[in-house]
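Read the structure below first, then the notes.
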Amino acid sequence: MVSPGEDREVEALISELALAALSDQRQAVDDLRTRAGILLAAGSLGATLVGPRALGGSESLVVAWVATTSVAVYLLSCLWVLWPRNDMSFNAGGPRLSQRLRRYDDLLAAHRIVSYLAAGLHDSNELVLQQLYLVYRVAIGALGFQVTFWVAWTRA
Numbered sequence: 074m075v076s077p078g079e080d081r082e083v084e085a086l087i088s089e090l091a092l093a094a095l096s097d098q099r100q101a102v103d104d105l106r107t108r109a110g111i112l113l114a115a116g117s118l119g120a121t122l123v124g125p126r127a128l129g130g131s132e133s134l135v136v137a138w139v140a141t142t143s144v145a146v147y148l149l150s151c152l153w154v155l156w157p158r159n160d161m162s163f164n165a166g167g168p169r170l171s172q173r174l175r176r177y178d179d180l181l182a183a184h185r186i187v188s189y190l191a192a193g194l195h196d197s198n199e200l201v202l203q204q205l206y207l208v209y210r211v212a213i214g215a216l217g218f219q220v221t222f223w224v225a226w227t228r229a
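Here you go:
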């Protein structure tokens with residue numbers, strides 16, 4: 074059986090871990106956006122190399138269409154990852170939470186509320202984060218097509 078003092082320590086630890094997981098998730102989004110920005114810069118160079126060749130009319134219509142589409146998919150994917158989002162939240166605190174927690178005399182209940190709030194935010198962010206990773210992978214694939222076309226056209 075757990076004593077009341079130990080119970081408070083356990084709830085404080087759970088609360089701390091839930092907030093740390095939310096912070097880690099925020100860092101993952103920031104890292105992904107940094108990588109998408111670098112990918113956008115690298116792909117812009119690729120687009121300037123592939124674009125004139127694809128639009129110049131010297132290649133077959135299908136090859137030019139696929140090359141142009143890969144540039145568009147890559148650009149839109151990078152922008153999707155970089156675009157500010159309002160469907161993710163990483164802030165488990167704030168004035169409303171502070172007012173809500175002041176109603177409780179019990180520190181154990183306050184830790185429990187923070188834990189549930191942080192876990193709920195983490196769960197709701199997770200689906201969006203997975204979608205961002207998927208879109209980022211699509212951008213990498215589209216950039217791979219650009220590089221493939223550029224290499225093929227420079228050798229032709």
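The numbering of the sequence shown is the working numbering, which starts it at 74 and goes up by one. Here a beta-carbon is modelled for each residue, glycine too, at the ideal position from N, C-alpha and C.
DSSP places R158 outside both helix and strand once states are collapsed to three, so it counts as coil.
Judged by their CB atoms, A91 and A192 are nearer to each other than the 8 Å cut-off. Excluding the 5 residues flanking it on each side, H195 has same chain C-beta neighbours closer than 8 Å at A91, A94, L95, Q98, in chain order.
If you ignore the 5 residues before and after R158, its C-beta comes within less than 8 Å of the C-beta of V201, all in its own chain and listed in chain order.
Taken atom to atom, the span from the alpha-carbon of I213 to that of W156 is near 17 Å. Comparing alpha carbon positions, the residue from A182, V154, L152, Q100 closest to D80 is A182.
Sixteen is the threshold: since fewer than 16 other Cβ atoms of the shown chains lie within 10 Å of the Cβ of N164, the residue is exposed.
The DSSP-derived three-state label of D179 is coil. Residue burial annotation: S88 is buried, with at least 16 other C-beta atoms found within 10 angstroms of its C-beta.
Between S150 and Y209, the C-beta gap is smaller than 8 Å, which places the two residues in contact. Between R106 and V154 a beta carbon distance of about 6 Å is seen, short of the 8 Å cut, so the two are scored as contacting.
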